[in-house]
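Let me begin by presenting the structure, written as structure tokens, before commenting on it.
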Amino acid sequence: GLRRELMPKHVAVIMDGNRRWARMRGLPVGSGYEAGIRALRLLVELCCRWGIRVLTVFAFSSDNWFRPKVEVDFLMSLFETGTNDELNNFLREGVQISIIGDSSKLPESLLELLTNAEETTKHNSRLQLILAISYSGRYDIVQACQSIALKVKENLIDPEDINELLIEQELETNCTEIPYPDLLIRTSGELRVSNFLLWQLAYTELFFAQSHWPDFGEAEFLEALRSFQQRQRRYGSRDS
Ligand SMILES: CC(C)CCOP(=O)(O)OP(=O)(O)O
Ligand SMILES: [Mg+2]
Numbered sequence: 052g053l054r055r056e057l058m059p060k061h062v063a064v065i066m067d068g069n070r071r072w073a074r075m076r077g078l079p080v081g082s083g084y085e086a087g088i089r090a091l092r093l094l095v096e097l098c099c100r101w102g103i104r105v106l107t108v109f110a111f112s113s114d115n116w117f118r119p120k121v122e123v124d125f126l127m128s129l130f131e132t133g134t135n136d137e138l139n140n141f142l143r144e145g146v147q148i149s150i151i152g153d154s155s156k157l158p159e160s161l162l163e164l165l166t167n168a169e170e171t172t173k174h175n176s177r178l179q180l181i182l183a184i185s186y187s188g189r190y191d192i193v194q195a196c197q198s199i200a201l202k203v204k205e206n207l208i209d210p211e212d213i214n215e216l217l218i219e220q221e222l223e224t225n226c227t228e229i230p231y232p233d234l235l236i237r238t239s240g241e242l243r244v245s246n247f248l249l250w251q252l253a254y255t256e257l258f259f260a261q262s263h264w265p266d267f268g269e270a271e272f273l274e275a276l277r278s279f280q281q282r283q284r285r286y287g288s289r290d291s
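Numbering (the working numbering), first residue to last: 52 to 291.
Printed below as a string of structure tokens:
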């Protein structure tokens, strides 16, 4: 069975397969996205129940902007209604919301909602939910480099002061005490990282599930946790 002391502290999820889920059922794409939101709500509850400290989900990548406008608009409105519907639950359950990604491209109404949700939940401490929206792992590293280069230019630091900790502090995941996921879950059978967290995933255990995201429920999550607990994490040290 699962052992509480071997739980991952930070779980990251690429919630993939929503459109295929809908297509397999002869449903419109929007139904897949709506089912995906429901699966996310369930996962937040499961993470609270199993004592996971941080959950980072890839809700919308910078590449997703190239999808048909009708799909992008539907997703943006879904993020708005989802945030509205869930905010009171998150407040009650002690869930803190943080957003990472290029928020300048989000609709003003969604940005306001998310900023308000960050503000009203900032003292919650049971689970930190990080929503990666309009996020790019490579751009995250680029913006960290720009920020560090500026500090060098302003003589605040010297080039030899640049180390892994400094970069970690400049990444967008500096919104959490546990920036490095212990476990990454990707659904729908794709075996790619797709420009999600890149620096942060250096030693993360990867778990790939066949089921599409809307079908990823408690049984599937417990299977991922069991797989994680059976792994011997070496961080490159032991050669055996
Ligand atoms: C926006 C993102 C979370 C949606 C993930 O599902 P998806 O739209 O990539 O679905 P498919 O991989 O089935 O096309
Ligand atoms: Mg996909």
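Quick reminder that beta carbons are idealized off the backbone N, C-alpha and C, glycines included.
Measuring alpha carbon to alpha carbon, tell me which residue in the options is nearest residue i.
i: L53; options: A275, I151 and V146; result: A275
i: W116; options: P230, M127 and L106; result: M127
i: L182; options: L157, N246, P210 and V108; result: V108
i: G188; options: L161, R76, G152 and L142; result: G152
i: F259; options: A63, K204 and L157; result: A63
i: V105; options: Q147, L129, D124 and H61; result: H61
i: S176; options: R284, Q283, E256 and G102; result: G102
i: G268; options: L201, G87 and R282; result: G87
i: K120; options: G287, I148, V80 and S262; result: V80
i: L94; options: Q179, Y190, R243 and E256; result: Q179
i: P158; options: Q281, L129 and G145; result: L129
i: R70; options: W264, L207, P210 and Y186; result: W264
i: S245; options: R55, P59, I65 and M58; result: I65
i: T125; options: G83, N140 and L91; result: At residue 125 the sequence reads Phe, which differs from the Thr that was named. Out of G83, N140 and L91, G83 has the C-alpha closest to the C-alpha of F125.
i: Y186; options: S155, Q281 and R284; result: S155
i: L234; options: Q194, C98 and N225; result: C98
i: E85; options: G77, T132 and F141; result: T132
i: E215; options: N206, L207 and N225; result: N225
i: A90; options: S278, P230, S262 and R277; result: S262
i: A110; options: I208, W250, R143 and S149; result: S149
What does residue i pair with, by DSSP beta-bridge criteria?
i: Q147; result: Q179
i: I65; result: F109 and R237
i: L248; result: Looking at the DSSP assignment, L248 forms no beta bridge with any residue, so it has no partner.
i: L97; result: For L97, which the question treats as bridged, DSSP gives no partner whatsoever.
i: L257; result: L235
i: I88; result: Beta-bridge pairing links I88 to no other residue.
i: I184; result: F111
Which stretch, first to last residue, makes up the alpha helix (DSSP H) that contains residue i?
i: S198; result: G188 to K204
i: R284; result: Premise fails: R284 is in no alpha helix (DSSP H) and is neither H nor E.
i: E56; result: Here E56 belongs to no alpha helix (DSSP H), and DSSP marks it neither H nor E.
i: S160; result: E159 to T172
*asked:* In chain order, what are the residue ranges of uninterrupted alpha helix (DSSP H) at least 4 long that sit wholly in the region 206 to 246?
replied: 215 to 221
_Chain-ordered list of residues that sit, by beta carbon, closer than 7 Å to a heavy atom of ligand 2_ = D67, G68, R70, S239 and E241
*Enumerated in chain order, which unbroken segments of the alpha helix (DSSP H) with a length of 4 residues or greater are wholly contained in the region 117 to 145?*
120 to 144
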